[in-house]
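In my numbering, the protein residues as written are 140 to 577. Every residue, glycine too, gets a C-beta built ideally from N, C-alpha and C. Notes follow once the structure below has been shown.
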């Protein structure tokens, strides 16, 4: 049994720690937030993630997983220390590394035996070398250590499955022996392991996320072209996805991306390029196309409501940036709700899990306990998050509750012909609205 310390019990840290424990390791998860650690010790999770409660409870009961605020306790007897703290965007789009620096410094001050430090957080290229310098300077006395980059590739809503069944594990280090030891931790996952140098591993993470974000922005730009030419982007996506060179994933046109990863990672990669005198045109246009989606929703809905949304009541179906999470970071719903409010509309909201978080971010939005009560008296509904619950709604019932039956389906979850047959004024994203209406 290996002993592992995970520093940071946010999204990546808590999922990684619980999964490593489930693989049979002894894991001590550390966070300086005393309230968060106290809640975890009571079984209260800091995030919503399907299956996480059960996974943590099982491994705590088995004695493989524990939580602490003490670096001394967490590092005692530990061979591997994962840094999984937040790296939010700075003012100019650069990654804010203050939490990484603080974690590295605290590890250095409290380590008493040789240690392998593993950067799990998404960090700019060159951070591994920087962390090594911090540790050397902060150690009270020299103790051997190595730094390994092991970027995470977890999707919110399916993070446990992604950890346990990864497409690959990426490791980077200047110390190949240390990288091999970290690789051994991941062998039970039975996935390809790529071992390279520190900077290349850090770059793989950014390049991967930037490519996926670009793919989403591409299909959204195609959706706008479909809109004016009378084609259906959903069928276009299916036809494209059968090509193995393209693949079907990340070809769902709609509101684009949000959350904690794609927005900051694309910005950070563009920032790194610009810092070196490059002009990352594709990355910058990827961001422009993405955020334009949120403006289009308000513009298209205004058209559907005869040119004005002033004094209209608009309901938002979904608030989280994607299904199966309560994450509101860079969620399209926030920009849409604020734009609707600014135009004089009354905005309502419903989400299966994120409303507690959303209330603090959107105080002007009235929250409802179920989608039907929210729809009652609405002039229009906008599908913002593609929760399965919304796909199963009785649209006939919804229509009977609404003041006027208008649906802007920004996630393309409904069939246009069926919605219109029920009597809805329906519009999706790239469904041929300005063409043949199919």
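Query, Result
"Start-to-end residues for the alpha helix (DSSP H) that takes in residue 365", "337-368"
"Through-space distance from residue 280 to residue 297, alpha-carbon basis", "42 angstroms"
"Three-state class that DSSP yields for residue 197 in the structure shown", "helix"
"Buried/exposed call for residue 153, threshold 16 Cβ in 10 Å", "buried"
"Limits of the beta strand (DSSP E) - the one that residue 547 falls within", "545-548"
"Close-in-space but distant-in-sequence residues of the same chain around residue 213 (CB under 7 angstroms, 5 per side omitted)", "144, 167, 169 and 207"
"Per-residue DSSP class, three states only, for residue 538", "helix"
"Residue interval of the beta strand (DSSP E) (run including residue 145)", "142-146"
"Beta carbon proximity, residue 245 to chain C, threshold 8 angstroms", "The question asks about chain C, but that chain is absent: this structure has only one protein chain."
"Run of the beta strand (DSSP E) containing residue 206, from where it starts to where it stops", "204-207"
"For residue 559, the first and last residue of its enclosing beta strand (DSSP E)", "Here residue 559 belongs to no beta strand (DSSP E); instead the alpha helix (DSSP H) covers 555-560."
"Per-residue burial, residue 576 [other beta carbons within 10 Å of its own, 16 or more giving buried]", "Interpretation of residue 576 is limited by its pLDDT of 43, a score under 50 that renders its predicted location unreliable; the figure taken from the coordinates is listed afterwards. It is exposed - the Cβ of residue 576 has fewer than 16 other Cβ atoms within 10 Å."
"Beta carbon of residue 226 nearer than 8 angstroms to that of residue 205", "no"
"Limits of the unbroken alpha helix (DSSP H) element including residue 564", "Counting along the chain, residue 564 falls outside any alpha helix (DSSP H), though it belongs to the beta strand (DSSP E) covering 564-567."
"Of the listed residues 467, 528 and 551, nearest to residue 295 (C-alpha basis)", "467"
"C-alpha distance - residue 422 paired with residue 211, whole-angstrom precision", "42 angstroms"
"Beta-bridge pairing of residue 506 - partner residues as DSSP gives them", "488"
"Three-way DSSP call (helix, strand, coil) for residue 165 in this model", "strand"
"Nearest to residue 562 (by Cα), restricted to the options 542, 415, 550 and 354", "542"
"Status (buried if at least 16 other CB within 10 Å, exposed otherwise) for residue 489", "buried"
"Expected contact under 8 angstroms - CB spacing of residue 456 and residue 529 to nearest Å", "5 angstroms"
"Cβ shell of residue 404 (< 7 angstroms), same chain only, five flanking positions each side left out", "261, 345, 348 and 349"
"Whole-angstrom distance between residue 163 and residue 257, CA atom to CA atom", "19 angstroms"
"7 angstroms Cβ shell around residue 268 - same chain, five flanking residues per side excluded", "337"
"Residues near residue 559 in its chain [Cβ-Cβ closer than 6 angstroms; skip 5 each side]", "565"
"Beta-carbon spacing of residue 179, residue 218 below 8 angstroms", "no"
"Alpha-carbon to alpha-carbon, residue 381 and residue 459", "30 angstroms"
"Residue(s) in a DSSP beta bridge with residue 287", "257 and 312"
"Rounded Cβ spacing between residue 266 and residue 236 (contact assumed at less than 8 angstroms)", "7 angstroms"
"Reduced DSSP category for residue 574 - H, G, I as helix; E, B as strand; rest coil", "Bear in mind that a pLDDT of 44 at residue 574, under 50, signals an unreliable position, so the model cannot answer this."
"Residue 499 - containing beta strand (DSSP E), residue span", "No beta strand (DSSP E) contains residue 499, which is instead part of the alpha helix (DSSP H) from 494-500."
"Distance, residue 497 Cα to residue 469 Cα", "12 angstroms"
"Where residue 333 sits in the DSSP three-state scheme", "strand"
"Whether residue 287 touches residue 311 by CB criterion (8 angstroms)", "yes"
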